[in-house]
Amino acid sequence: MEDVHQETEPLRATGSASDALCTTRALNTMLHETQKEVIALGQQVRAKDTLIAELRARLARYETRAEEPVLFAPSAGLVDNLCREIGKLKQTLKETEAQADASRAEVQRLQQRVSEQEQEMVALALRPGHEKDLEIQQLQLTLQERDRMQATKDVLCTSLTEEVEQLKLQLGATVRVCQGLLRRFDREKQRSDLVQSLSCLPEGGKLVESQASPQASSMENKLKEENQLLRQRVAYVESLNAKWQKYDSSREEYVKALCLKLKEVSPQAALGLAPANGGLLQQEIARLNRLLEEKMADCSRLSRELEEVRREDHERIQMLEQQVLTYVDDFNSERADRERAQSRIQSLQEKVDHLQQQLHGQDPRDLSSSCRAHSTCRAPSRTHMDATEPLARSSSSSSSSGGSHPGSSRSAGPSAQGLGRTEHRGPKELQCPHCRKTYKGDRTQECDRS
Numbered sequence: 136m137e138d139v140h141q142e143t144e145p146l147r148a149t150g151s152a153s154d155a156l157c158t159t160r161a162l163n164t165m166l167h168e169t170q171k172e173v174i175a176l177g178q179q180v181r182a183k184d185t186l187i188a189e190l191r192a193r194l195a196r197y198e199t200r201a202e203e204p205v206l207f208a209p210s211a212g213l214v215d216n217l218c219r220e221i222g223k224l225k226q227t228l229k230e231t232e233a234q235a236d237a238s239r240a241e242v243q244r245l246q247q248r249v250s251e252q253e254q255e256m257v258a259l260a261l262r263p264g265h266e267k268d269l270e271i272q273q274l275q276l277t278l279q280e281r282d283r284m285q286a287t288k289d290v291l292c293t294s295l296t297e298e299v300e301q302l303k304l305q306l307g308a309t310v311r312v313c314q315g316l317l318r319r320f321d322r323e324k325q326r327s328d329l330v331q332s333l334s335c336l337p338e339g340g341k342l343v344e345s346q347a348s349p350q351a352s353s354m355e356n357k358l359k360e361e362n363q364l365l366r367q368r369v370a371y372v373e374s375l376n377a378k379w380q381k382y383d384s385s386r387e388e389y390v391k392a393l394c395l396k397l398k399e400v401s402p403q404a405a406l407g408l409a410p411a412n413g414g415l416l417q418q419e420i421a422r423l424n425r426l427l428e429e430k431m432a433d434c435s436r437l438s439r440e441l442e443e444v445r446r447e448d449h450e451r452i453q454m455l456e457q458q459v460l461t462y463v464d465d466f467n468s469e470r471a472d473r474e475r476a477q478s479r480i481q482s483l484q485e486k487v488d489h490l491q492q493q494l495h496g497q498d499p500r501d502l503s504s505s506c507r508a509h510s511t512c513r514a515p516s517r518t519h520m521d522a523t524e525p526l527a528r529s530s531s532s533s534s535s536s537g538g539s540h541p542g543s544s545r546s547a548g549p550s551a552q553g554l555g556r557t558e559h560r561g562p563k564e565l566q567c568p569h570c571r572k573t574y575k576g577d578r579t580q581e582c583d584r585s
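Below is the structure:
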């Protein structure tokens, strides 16, 4: 029955008389076949009932004794299977009868519809020709108007959807440009912060800072100007984006209003009232087409301007990046030179302090250094002492002889004094011949080891 219903659904929609007749014949054939199947199943059930009655009669004839009759019956499983089979057959019979009833009702309905269609065809055949022509012409005009309105609606919807897609793409590109500008602005801000941090140097490099301050100030001014221009362009792009969004929303509202108007106009067109508003619709379509062309021209102009601005920004940003890299390299080289100079100055200052301590201090290091400085004078002093000994001897001999040479006595005086001094020193003491300073034995050993 479900197949029958599925087959009859398109026929109900079409409503043609020939199709209805074919369907009726098919249903009648199916009904006869179903009735035959029901009759065959009923005959099978009656044959089985007859067979069961015969078997019971045969059992009754074989029971001749007075004893309790012996019943020869089939097994319980066989009986259950037979009962289930009979139940299934009865259920199938009921379903078949229900399907047959539904088929009869469907056949009656289709026959009634066929009769109605035949009556309509007869009425149409009896109508005069001019009325038929007028009705056909009116129906054709209505159909043409409906087709024209549908085509206009499709064109409007297609153009508006394409425009919406283009606007969405342009908005996406504008958003990407804004994001790129923001990233570049952040990079420029970081670079300006870097320049400001580099301008705050320690007091040791004031000379280099004074030399690099004009370049840093000019670079900072340029970066500020570029940042200001970028901010203005970002604000312009954001305002343009807001305008496009507003325009998009207004266009969507306008399209919705047009769709509502079309829905209101379509019943009027079906009744023959649409030709009165055809001129207005054509004017509205022409106005919308002109507006669409103007907006497309504005979009192309704005896209060209955006490309030019983007190209100029890209070139300017590349130039600024090169300048910043150059300034950073110069600053790094100057800072390295300044650090080397500072380290050199610090090392020289440490050497000067060390030398000043050596000059003014009297620590064991100074003594050891003076011992090392005077160790070279040890051998000449000994030779001088050896040379003064014969003079002292001669002076003593001359003094013992009578002291007739005063000059010799005067010349021998210092040697005698030196000899007296050496005689007062211990065996382990050492005297400097220049400053006449004596050193103890442990210092003498240190000087000898050095």
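Numbering (our numbering), first residue to last: 136 to 585.
Don't be surprised by glycine CBs; every beta carbon is placed ideally from N, CA and C.
Because the structure is a prediction, the values reported are computed rather than measured.
Contact between E241 and V173 fails: their C-beta atoms lie close to 18 angstroms from each other, not under 8 angstroms. The alpha-carbon of L276 is positioned some 37 angstroms away from that of Y382. When the five nearest sequence neighbours on each side are left out, the beta carbons in the same chain lying within less than 8 angstroms of the beta carbon of Q301 are those of C434, in order along the chain.
The closest CA to that of Y462, considering only M354, R473 and R319, is found on M354. With three or more CB-CB distances shorter than 8 angstroms, the segment 321-329 counts as touching the segment 356-370. DSSP places G496 outside any alpha helix (DSSP H), giving it a letter other than H or E.
Looking at the backbone, the Cα of L490 and that of R475 are separated by about 22 angstroms. Note on L261: under 16 other CB atoms within 10 angstroms of its CB, so exposed under the neighbour-count rule.
Of R196, Q178, Y389 and D268, the smallest CA-CA separation from K225 is found for Q178.
Taken in chain order, the unbroken stretches of alpha helix (DSSP H) that lie wholly in the segment 210-288 and span 4 residues or more are 211-261. Proximity of the segment 367-379 to the segment 472-488 falls short of the contact definition, fewer than three beta-carbon pairs being nearer than 8 angstroms. Nearest C-alpha to R445 among Q484, V257, K357 and A308: A308.
Between the C-alpha atoms of Q493 and E485 there is a straight-line separation of about 12 angstroms. Put simply, the backbone Cα of R239 is about 8 angstroms away from that of L166. If the five residues before and after S468 are omitted, its C-beta is found closer than 7 angstroms to no C-beta atom of its own chain.
Residues T309, V312 and C313 of the same chain have their beta carbon placed closer than 7 angstroms to that of V372, with the five preceding and five following residues left out of the count. Taking C-alpha positions only, A175 is separated from L156 by approximately 29 angstroms. L162 and E230 have their C-alpha atoms spaced approximately 17 angstroms apart. Around the Cβ of E387, a 10 Å sphere holds fewer than 16 other Cβ atoms; the residue is exposed. About 35 angstroms separates the beta carbon of T159 from that of Q272, a gap too long to meet the 8 angstroms contact definition. About 7 angstroms separates the beta carbons of M284 and L397, which is inside the 8 angstroms limit, making them a contact pair.
L395 counts as exposed, since fewer than 16 other C-beta atoms from the protein chains shown sit within 10 angstroms of its C-beta.
The shortest CA-to-CA distance from L217 to any of A237, D184, Q234 and A195 is the one to D184.
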